[in-house]
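Down below is the structure, laid out as structure tokens.
Listed below in structure tokens is the structure:
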């Protein structure tokens, strides 16, 4: 039992990087975010203005946003800045972007480059656990997958930012944050509000995942195991997940002592001393249904809505036997899109990204920027000690080209 408790910590450290992980170098967090909030614990301590904001989705979830309206020194104060939404991945929240020092974390770098930064936190994470009619103890509170994030959460966040700024919006997503943007755009949402999109370590197809966890999902065992344990909230810090870990360790190919590279790929540029610092602040909960939906992408190789695995339920929800496939042709060919992926990424595998890129063959050439970093894996995009030079600077240059923005 002691081994499993210890391993669950390692498992947590590893699995959370599906949506981003800890920072490198010297961390930038003071105290407990749970007690202080994200602004006070990770932004204002560095001299930046930060506002805590709440937004309610059409399906009743009350989301937490953090707004960083200008640079550390307040330059450009009073000038309307181009807004940018920064969206985390699965099993983390907006804190995952802020654990590095100000010189290494994306939101503060964006603020210093003249952007009005909005950090989004998805439902179920520590600051977005409220609802107009439900509470986290209710089963219905967790009855959602990334379909709902694409249909309700992103539109709610975009609507609020648009109303507050009156401008088109830039967007940066990592991992699951890329998937929900692609899904939303594929249904014709946000196309009139978005200025440009940055997709870091994108996932839309997962058939070529080279991880043991991916293999389990492909065998359709992941959803069965979790559901059989009665877990509706997948809380990486909870006792129920400890039981799930026992199952994982029993499968061939699962190395319970070295899961980080086994799940993310061989990251090139991580600072190992920050793992414990990350564990003090992350990971966060998600719904079991959300994980099952991701597993369905692995198993079926299709970018589609949630499959209820029953003709009656699919007919009830969709009017079809099979769930609808998201239609990439609805994404405007002239939308500015920045895509960056790594050669060592075991989650956003090169073959799967190439499958995604096939949908952009007829995209306007001057509106699509594709960056391939041979030695990057999944976690490098958020916690890599050289991510600013390798990824963030080219991304910001891409954004600025669209708004002819000068440095402030």
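In full-length UniProt numbering, the protein residues as written are 1 to 408. Even for Gly, the Cβ is constructed at its ideal location relative to N, Cα and C.
Just curious, the alpha helix (DSSP H) that residue i is in, first and last residue?
i           : result
residue 297 : 288 to 300
residue 155 : 154 to 165
residue 372 : Looking at the DSSP string, residue 372 is not in any alpha helix (DSSP H); the run it does join, the beta strand (DSSP E), is 368 to 373.
residue 109 : 106 to 112
residue 41  : 38 to 42
residue 190 : Looking at the DSSP string, residue 190 is not in any alpha helix (DSSP H), and its letter there is neither H nor E.
residue 396 : 393 to 403
residue 311 : 311 to 318
residue 345 : That residue, residue 345, is in no alpha helix (DSSP H); it is neither H nor E in DSSP.
residue 382 : 380 to 383
Assuming residue i and residue j are in contact, meaning their beta carbons sit under 8 Å apart, how far apart are those beta carbons, in whole angstroms?
i           : j           : result
residue 398 : residue 196 : 7 Å
residue 71  : residue 111 : 5 Å
residue 128 : residue 171 : Not really, about 18 Å apart at Cβ, beyond 8 Å.
residue 194 : residue 169 : 6 Å
residue 376 : residue 268 : 6 Å
residue 108 : residue 46  : 7 Å
residue 144 : residue 123 : 7 Å
residue 79  : residue 206 : Wrong, their Cβ atoms sit about 42 Å apart, outside the cutoff.
residue 384 : residue 270 : 7 Å
Quick one: using the 10 Å Cβ neighbour count with 16 as the cut-off for buried, is residue i buried or exposed?
i           : result
residue 152 : buried
residue 204 : buried
residue 198 : buried
residue 334 : exposed
residue 401 : exposed
residue 393 : exposed
residue 313 : exposed
residue 174 : buried
residue 188 : exposed
residue 320 : exposed
residue 133 : exposed
residue 92  : buried
residue 284 : buried
residue 315 : exposed
residue 69  : buried
residue 309 : exposed
residue 325 : exposed
Can you check which of these residues, the options, is closest to residue i by C-alpha distance?
i           : options               : result
residue 230 : 400, 288 and 173      : 288
residue 265 : 378, 174, 186 and 337 : 378
residue 89  : 387, 110, 120 and 79  : 120
residue 415 : 403, 338 and 400      : Residue numbering for the chain in the displayed model covers 1 to 408; residue 415 lies beyond these limits and cannot be assessed.
residue 166 : 48, 116, 132 and 148  : 116
residue 414 : 391, 345, 322 and 387 : This structure does not reach residue 414, given that the chain is present from 1 up to 408, and the question cannot be answered.
residue 341 : 323, 395 and 305      : 395
residue 202 : 141, 303, 283 and 270 : 303
residue 349 : 271, 49 and 211       : 211
residue 387 : 364, 236, 97 and 113  : 97
residue 365 : 297, 352, 356 and 336 : 336
residue 43  : 56, 73, 55 and 54     : 73
residue 332 : 403, 284 and 359      : 359
residue 428 : 179, 55 and 38        : The shown model of the chain, from 1 to 408, leaves out residue 428, and the question about it has no answer.
residue 184 : 148, 200 and 233      : 148
residue 176 : 293, 403, 370 and 142 : 293
residue 232 : 200, 141, 271 and 37  : 141
Could you please give the first and the last residue of the uninterrupted beta strand (DSSP E) stretch that includes residue i?
i           : result
residue 171 : 169 to 174
residue 341 : 336 to 342
residue 67  : 61 to 68
residue 83  : 83 to 87
residue 121 : 116 to 121
residue 351 : Residue 351 -> not in any beta strand (DSSP E); alpha helix (DSSP H) instead, spanning 350 to 358.
residue 411 : Limits of the chain in this structure are 1 at one end and 408 at the other, which puts residue 411 out of reach.
residue 55  : 51 to 56
Kindly say whether residue i, judged by its beta-carbon, lies nearer than 9 Å to any beta-carbon of chain B.
i           : result
residue 195 : Among the chains of the structure shown, chain B does not appear; only one protein chain is present.
Next on the checklist: Below 8 Å, how does it come out for the region 99 to 113 and the region 133 to 141: are there three or more Cβ pairs, yes or no?
Outcome noted: Using a Cβ-Cβ distance cut-off of 8 Å, the region 99 to 113 and the region 133 to 141 are not in contact, since fewer than three pairs of beta carbons, one from each stretch, lie closer than that value.
Item to check | Contact the region 160 to 167 vs the region 80 to 94: 3+ CB pairs below 8 Å | outcome: Yes, the region 160 to 167 is in contact with the region 80 to 94.
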